[in-house]
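*Asks:*
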Amino acid sequence: MSNIRITKKFSFETGHALYGYDGKCKNVHGHSYKLSVTVIGSPITDRSNVKLGMVIDFTDLKKIVKEEVVDQFDHATVFNQTTPHVELAKELKDRGHHVILVDYQPTSENMIVDFAARIKSRLPEGINLFSLKLQETESSFAEWFASDNV
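If you count the sequence shown from 1, position 69 lands on 485 in this note's numbering, and the numbers rise without skipping.
1. Go through the segment 474–534 residue by residue and report every complete run of the beta strand (DSSP E) that reaches 3 residues or more, in order.
2. By DSSP's criteria, L550 is part of a beta bridge. Which residues make up the other side?
3. Please state whether DSSP places S427 in a helix, a strand or coil.
4. Just the C-alpha distance for A562 and V455, rounded to the nearest angstrom, thanks.
5. Measure the Cβ-Cβ separation of V518 and D530 and say whether it is below 8 Å.
6. Can you grab the Cα-Cα spacing for the pair P540 / K549, in whole Å?
7. Please say whether V471 and I543 have beta carbons closer to each other than 8 Å?
8. CA-CA distance, D473 and D438?
9. Please report the straight-line C-alpha distance between K536 and L545, rounded to a whole angstrom.
10. Is there contact between the segment 483–503 and the segment 428–436, where contact requires at least three CB pairs shorter than 8 Å?
11. When burial is assigned at 16 or more other CB atoms within 10 Å of the CB, is E552 buried or exposed?
12. How about I460 and L468: do their beta carbons lie closer than 8 Å?
13. In its own chain, which residues sit with a C-beta less than 8 Å from the C-beta of P500, not counting the 5 before and 5 after it?
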């Protein structure tokens, strides 16, 4: 049976700041992120399976990505926990804001690596993450490909 790639797109709003950066992104700001998730696998051939012909049900893929990425990062502010931004994070948390502390600089490049690990850990057997595209602005994005990370 042939391997087929399927893609589902997601969007979410997230704020962040890049501690120590020498440009405008050192300030707290946000993005309307667009995430494209592509998985690869063989379509189901078991005629008794209600998902006959599907690589993975788009609804199942949506559930994984929403739980692992979208629901966690949407309308959150992300800071590197190893920087003085932890003080700002504490202040925001104390005021009821949704703050995520990560162990990396929250660039699109590092976020996409984090997202890949989260999504890969939840995919069913026989379904592999092929690629991710995280679009930060209309003209700027990061891409992750499984073939580049073997």
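C-beta: ideal position from N, C-alpha, C; glycine also.
Note that the structure is predicted; figures quoted are calculated from it, not measured.
*Replies:* Answer, in terms of the structure:
1. If we require 3 residues or more, the beta strand (DSSP E) runs fully inside the segment 474–534 come out as 492–496 and 515–518.
2. L550 pairs with L451 and A558.
3. In the three-state DSSP reduction, S427 falls in the strand class (E or B).
4. The alpha-carbon atoms of A562 and V455 are separated by roughly 10 Å.
5. Yes, these two residues count as a Cβ contact at 8 Å.
6. Each residue's alpha carbon lies about 21 Å from the other.
7. At a Cβ-Cβ threshold of 8 Å, I543 and V471 count as neighbours.
8. One alpha carbon belongs to D473, the other to D438, and they sit about 44 Å apart.
9. Rounded to whole angstroms, K536 to L545 spans 6 Å at the Cα level.
10. Between the segment 483–503 and the segment 428–436, the count of Cβ pairs shorter than 8 Å is three or higher; the stretches touch.
11. Counting of Cβ neighbours within 10 angstroms places E552 among the buried residues, the total reaching 16 or more.
12. In contact: I460 and L468 (Cβ atoms closer than 8 Å).
13. Result list for P500: Y435, in chain order.
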